[in-house]
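Worksheet for the structure shown next.
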């Protein structure tokens, strides 16, 4: 029997993770008897789950909220709560408060619970912990020099998680997610938004704007793969991880041109033609500072799996988000 | 005309730095008109300095203390305040409060000063930001995986300093000091203490205990070199540093056997014989997790200079601490 806490449960990853946990009914072979879901907005209702569900509106940085979240001693914590990179860059104080102080409040609440409490804690970090200039291939021992406040907050949280794990308060795993593609939902203003938009909009019969050249290379994993990473991380034993608990995740590294070629293969010429090329120098500049390709050796050895091709990523979007159909 | 703030001014590095600044009377070719010295104990009086000196007892994490320290808008800040690694390991809350929250309070006080205030801020970090296992040579792009709370707090502070520099609140430089050798003063309980003790005690006519094998390799810089790093860092232009402002410092990498051979060359057989070999498995284990050798290419290109040989390090100790004489 296992009790799981998910922070940030109302976000895109949070909703997909809780749906998957509810559907599976088990984690690491143990029945899930209880799910505690928190977020700053009310997490959506879960269907088809026989265990207990509590869903709260909660800000981890508010007094006693982190203590409340862990009071019932959840066995596994998926800590997804955070503000996104654009918001962390625009509002410095909010970014540090939510992304750093929120993580620290949660870790301190766990530490102060005491009496042998040592949950598994899976933290969603990001490849934003890295900053240009990059070598041809980013290996597992490349240093962290983030170029955004968001990346800085993620890197600081990783270090804290690692120290608290070493001291035996939690069994932490930090998962550095690549860009999640195809992101469902409406287009947003994130500089990375077009990587999903150029697949999602054409499949929905809409035209998407491509603001960069087709030679831009980037690493992607599907939302389904991201959920898989989190669940796999929860099953890793402390001895498998050692002291280096923050891991680069695998992904599909390809150029924008290869993304579009995959779209043509999967959905046909007509769909792939729904692209308007409109170079945006600002987006080109931002994207130029991002990592292109990782050699995620440790994660792969530990059994983390992403897709093998971008075609698969498109098929997963059609299956999971479009009910198997698209606007041909 | 320049105004300098030194936090942690009563510590070993703090005292040597303020003495040097007082003696020089200038920094980067500008006359020092004012020195503000803070520490949790009263910083010692300075002699031979014609400018204004204020010395306060101050804890940067106490309300309004960081604001008070920067209220007069010092042009250059040497942020040395912190608790040492042994204390940070024994007292988790104190370590995070002083080493992380203290640095953050100082940076936030600078940020909130506003009206174009952007001081140069030199931060003493440590090679404790690294953790075993290590490659044969630690290069500038090796990742940070500290194995102590102290190293974690230093690494987190480096990241914060880097983000606040990128945002234009400070011109930060993080200086990762190697082991400072020969440390003056009494033997202490630090696991690294013997690296200094095996030189300092024999030169003072005392016997020193060597708790590890002579094959142990380590990187050292003299206190004089450390002060040189800090002063050199204060003279670097923002454009020279770019976005990667945290730097591995150079040093003399040698084995304990080479340290003792240097002692024999500099001070004679009789002095070098004042060593008692008494293996301490705990110290051997701790030291085994420390970095042995760095390729500090960036720092060297930027003009940072350490000693070339361990003989020089011993000569500097004899000159700076023993008035040129030792117990032959």
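Chains as they are written, first to last, in our numbering: chain A, 1 to 328; chain B, 1001 to 1328. For glycine and all other residues, C-beta sits at the position ideal for the given N, C-alpha and C. Bear in mind that the values here come from a model prediction, so they are computed numbers and not experimental data.
The shortest CA-to-CA distance from residue 1138/B to any of 1207/B, 1297/B, 1301/B and 1065/B is the one to 1297/B.
At least one C-beta of chain B is nearer than 8 Å to the C-beta of residue 155/A.
For the region 39-71 of chain A, the set of residues with a beta-carbon nearer than 7 Å to any beta-carbon of chain B is empty. Annotation for residue 1201/B: 1187, 1207, 1208 and 1274 place their beta carbon closer than 8 Å to its own, counting only its chain and skipping 5 residues before and after. Less than 8 Å separates the beta-carbon of residue 1157/B from that of residue 1123/B.
Residue 317/A is outside the set of residues whose beta carbon lies under 8 Å from a beta carbon in chain B. Neighbours of residue 141/A across chain B, judged by C-beta separation under 8 Å: 1135, 1142 and 1143. In this model, residue 193/A and residue 289/A are separated by some 15 Å (Cα to Cα). A Cβ of chain B is located within less than 8 Å of the beta carbon of residue 163/A. When 8 Å is used as the limit between beta carbons, residue 1152/B is near these residues of chain A: 159, 160, 162 and 163, in chain order.
If you look at residue 194/A, you'll find it in the alpha helix (DSSP H) that goes 193-203. A straight-line Cα-Cα distance of about 6 Å links residue 1101/B and residue 1061/B. Within chain A, no residue has its beta carbon less than 9 Å from that of residue 1176/B; the closest one is some 12 Å off. By the CB criterion at 8 Å, residue 10/A and residue 86/A fall outside the cutoff.
Around residue 233/A, the same chain offers 122, 173 and 175 as residues with beta carbons nearer than 6 Å, after the five sequence neighbours per side are excluded.
For residue 243/A, the nearest beta carbon of chain B is closer than 8 Å to its own beta carbon. Between residue 76/A and residue 110/A, the C-beta gap is not smaller than 8 Å, which leaves the two residues out of contact.
For residue 1041/B, there is no enclosing alpha helix (DSSP H), as DSSP gives it neither H nor E. The region 5-44 of chain A is shown to contain whole beta strand (DSSP E) runs of 3 or more residues at 30-39, in chain order. Leaving aside the five residues that flank residue 1183/B on each side, the residues in its chain whose CB is nearer than 6 Å to its CB run, in chain order, 1196. The continuous beta strand (DSSP E) containing residue 175/A extends over residues 171-177.
Against chain A, the beta carbon of residue 1147/B has neighbours under 8 Å at 166 and 243, listed in chain order. Residue 1307/B sits buried, since 16 or more C-beta atoms from the chains shown fall within 10 Å of its C-beta. Inter-residue distance for residue 276/A and residue 210/A is about 6 Å (C-alpha atoms, whole angstroms). At least one CB atom of chain B sits nearer than 8 Å to the CB of residue 131/A. When DSSP reads this structure, residue 1002/B sits in a beta bridge with 1032/B. About 5 Å separates the CB atoms of residue 1180/B and residue 1226/B; that is less than 8 Å, so the two are in contact. The beta carbons of residue 178/A and residue 220/A sit closer together than 8 Å. Taking all protein chains in view, the Cβ of residue 1115/B is surrounded by fewer than 16 other Cβ atoms within 10 Å, so the residue is classified as exposed.
With contacts defined by Cβ atoms closer than 8 Å, residue 252/A and residue 212/A do not form a contacting pair.
Across the structure, residue 301/A and residue 246/A are spaced so that their CA atoms are roughly 14 Å apart. In the structure shown, the three-state DSSP call for residue 182/A is coil. The C-beta of residue 237/A has fewer than 16 other C-beta atoms within 10 Å across all chains shown, which makes the residue exposed. In the DSSP assignment, residue 103/A forms no beta bridge with any residue. When the beta-carbon positions are compared, residue 1322/B and residue 1271/B stay at least 8 Å from each other.
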